[in-house]
Amino acid sequence: MRLTVVGSGDAFGSGGRFNTCFHLATERASCLIDCGASAMPALKVCGIDPNTIDAVILSHLHGDHFGGIPFLMLDGQYLGRREKPLLFAGPPGTAARIPAAMEVFFTNSSKANYRFPWSIVEIPVGEPTDVLGLRVLSAEVIHNSGAPSTALRLSDGQKTFAYSGDTQWTDALLPIAAGADLFILECYDYERELTGHMNWKTIRRRLKDFAARRVMITHMNPTMLARIDEARAAGVLVAEDGLVLEL
C-alpha cells in the first residue's frame, strides 16, 4: 500500500498547499481519499493520471474535500477520454450532493452521457463496507457538513490506513486509529479550541492514545504551519504536498 499526499492544505490553501486529497494505491485499486477543489492540478503536479483512479472515497461533504469531483468527471470525459469505471463512495448524503455540486459548476453535467460508467455508493456509518477490495469502516465525528462527517479506516488485508477527516476531539477516533499502519489526523490550529476542528495541544496530549504505528498531521492553518517542528520533535509526521509513503 502506497500513499501519496496530493493535497495537505486547509480550505484556504494556507502555506500555498492544495486542498485535501490523498492517493492510496494497493494491489487491487487506485483510490483517492477526499478530492478537494484543487485536486486536478494537484494530481497532475504529482504525476498521477486521473484515468488510473478507480474510486474516490470521501470523509465528508465540504468543498475542500469533495469539490474536485465535477472537474475530475469532465477531465475524464473531454481530456482523458476515460473508459474505465469510476466509483464514488462517501457518507450518507453523497448520492445527492455529488450531482448537486456538478450542476452548480457545469449545468446538466450530472445528466450527461459519459463515455465511462460512473456510480455512487453511500457507506453506512459504523458498518464495514467493501469498496473495490478495500474494507472500509467509518465512524461519525464532530464537524458540521450538512451530512454525517466521518473518520475512515481502510484495509487491504495486509496494511491499514486511517484518517480522521475534519473533527474536533472525539473518542470515536480511537478505534479508527488503533493498530493502523498510518493514521492521518487533522491538526488545524496550534492551540485554539475551535468547533469542528482539532488543535496540536490536544493531539500532543492524546498522542499515545491513538495506538497507531505512525501518525501524520495535515490540514494546518498558519498558526500550526509555523510550529510544525514541534510536531516533528514529538515523533509525528507532517504532511507535505507530494510526499510519498510506503505503508
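Residue numbers for the sequence shown, in numbering that gives the first Met the number 0: 0 to 246. Note that beta-carbon positions come from the ideal geometry of N, C-alpha and C, so glycine has one too. Model, not experiment: these values are computed from the prediction.
Subject >> In chain order, each beta strand (DSSP E) run of at least 3 residues that lies wholly inside the segment 106–168 >> reply: 117–121, 128–130, 133–139, 149–154, 159–162
**OP:** Determine which residues share a DSSP beta bridge with Arg1 and list them.
**Re:** Ala24, Glu245
Original post:
By Cβ distance, which residues of its chain are closer than 6 angstroms to Phe104, with the 5 residues on each side in sequence left out?
Top reply: Pro69
**OP:** My understanding is that Leu246 touches Leu2, with C-beta atoms under 8 angstroms, so please give their C-beta distance in whole angstroms.
**Re:** 6 angstroms
Original post:
Do Thr149 and Ala138 come within 8 angstroms of each other at the CB atom, strictly closer than that value?
Top reply: yes
Subject >> Gly62 (DSSP reduced to helix, strand or coil) >> reply: helix
Subject >> Span separating the alpha-carbon of Ala100 from that of Ala233 >> reply: 40 angstroms
Original post:
Buried or exposed: where does Pro123 fall if 16 or more other Cβ atoms within 10 Å of its Cβ makes it buried?
Top reply: exposed
**OP:** Can you tell me which of Leu193, Tyr189, Cys45, Pro49 puts its alpha carbon nearest to the alpha carbon of Ala225?
**Re:** Tyr189
**OP:** State yes or no: is the C-beta of Ala38 within less than 8 angstroms of the C-beta of Gly75?
**Re:** no
Original post:
Quick one: Cα of Ile227 to Cα of Lys200, how far?
Top reply: 12 angstroms
Subject >> Which of helix, strand or coil DSSP assigns to Val103 >> reply: helix
**OP:** Compare the Cα-Cα distances from Cys34 to each of Thr166, Met72, Gly46 and report the closest residue.
**Re:** Met72
**OP:** Mind reading off the beta-carbon distance from Gly89 to Leu60? Whole number of angstroms is fine, and I expect it under 8 angstroms.
**Re:** 7 angstroms
Original post:
Going by other Cβ atoms of all chains shown within 10 Å of its Cβ, with 16 needed for buried, is Arg259 buried or exposed?
Top reply: Residue 259 is absent from the model: the chain starts at 0 and stops at 246.
Subject >> Beta carbon of Leu151 nearer than 8 angstroms to that of Ser13 >> reply: no
Original post:
Along the chain, where does the alpha helix (DSSP H) that runs through Ile202 open and close?
Top reply: 199–205
Original post:
Between the beta-carbon of Thr166 and the beta-carbon of Met197, is there less than 8 angstroms?
Top reply: yes
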